[in-house]
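Presented below is the structure to which this report refers.
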Amino acid sequence: MNLRKILMIIGILLIVSGIGVIIWFFTQNHISEVKMKENTNEFMVSLESVPINEAPPNKILVGNTTGVLEFPSFNNDRVAIKEGTSNYILSIAAGHMTNTEQVWANSGTSAIAAHDNTFFKNVKDFKVGDKIIVYTRFGVYEYEIFEKKTIEPTDFSVLNDVPGQKTLTLITCNFSGTKRVIVMAKGGVKISNPQDI
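As structure tokens, this is what we get:
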């Protein structure tokens, strides 16, 4: 067998391997989106039976679904929020960073993270003034984006509370994964009770 045939076989194997990787990536992405939609739909249905005056718990168990983000600027895309940011949680939903406030808290910063190639793929396209709606068992809250920036992965200042302001911080990676894309929104005004959705 001459060198040309060997190179042709290697080339074919590389192409087949590349196609296999692409199929695997899209299959995993599709599975994640299906799981996220199931979590979101299940949570939205469960809101109908929650008493309005139910008090928020002091502690949320890791893995529990705590709410749903809605992005009006992107065809009202919805993303389920789960407590915690483990690899498993981020494969099926956005994850609430457990050391930050919950979105229904009266003050402080609530930080939510997700991958830029799945549930936060639109975060880089947000503009100042865009709205984010958060559905929870304790009410529906509206936030307005006031800042978008790219930071180093070691910069944790975006998790700090802003005095006198209720803040929602969305965190994802840029395309290369070497930086973090941050969207900060303020407000957190309760616009309706769960049953009013």
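In the numbering used here, the protein residues as written are 65 to 261. Ideal Cβ positions, reconstructed from N, Cα and C, are used throughout, including at glycine.
Helix, strand or coil for residue i, going by three-state DSSP, please let me know.
i	result
R268	Here the chain has residues from 65 to 261 only, and residue 268 is not among them.
F138	helix
L232	strand
L125	coil
V167	coil
V114	Legend: pLDDT at V114 = 47, less than 50; position of this residue unreliable, value from coordinates given subsequently. Looking at V114 - three-state DSSP - the assignment turns out to be coil, as it is neither helix nor strand.
T242	coil
G148	coil
Whole-angstrom Cβ separation of residue i and residue j, contact assumed at under 8 Å?
i	j	result
M248	F210	6 Å
N170	K250	Not quite, the Cβ-Cβ distance comes to about 14 Å (not below 8 Å), so this is no contact.
T173	N224	7 Å
Would residue i and residue j be called neighbours here (beta carbons separated by less than 8 Å)?
i	j	result
L125	I176	no
Y207	L232	yes
T162	E147	yes
A157	V143	yes
P136	I73	no
V245	V187	yes
I153	G131	no
Have a look at the options and flag the residue whose alpha-carbon is nearest the alpha-carbon of residue i.
i	options	result
T214	V226, F190, Y205 and I70	F190
E216	V192, C237, V132 and I255	C237
L133	N66, L78, V222 and K195	K195
T141	I153, G203 and F183	A quick correction: the sequence has Asp, not Thr, at residue 141. With distances taken between Cα atoms, D141 lies closest to F183.
I255	Y205, G131 and G159	Y205
P258	G228, K243, F202 and K212	F202
Taking 7 Å as the cut-off, does the CB of residue i come closer than this to any heavy atom belonging to the ligand GTP?
i	result
C237	This structure does not include the ligand GTP; it has no bound ligands of any sort.
* Entirely enclosed beta strand (DSSP E) segments - the segment 169-224, minimum 3 residues -> 172-177, 195-200 and 203-215
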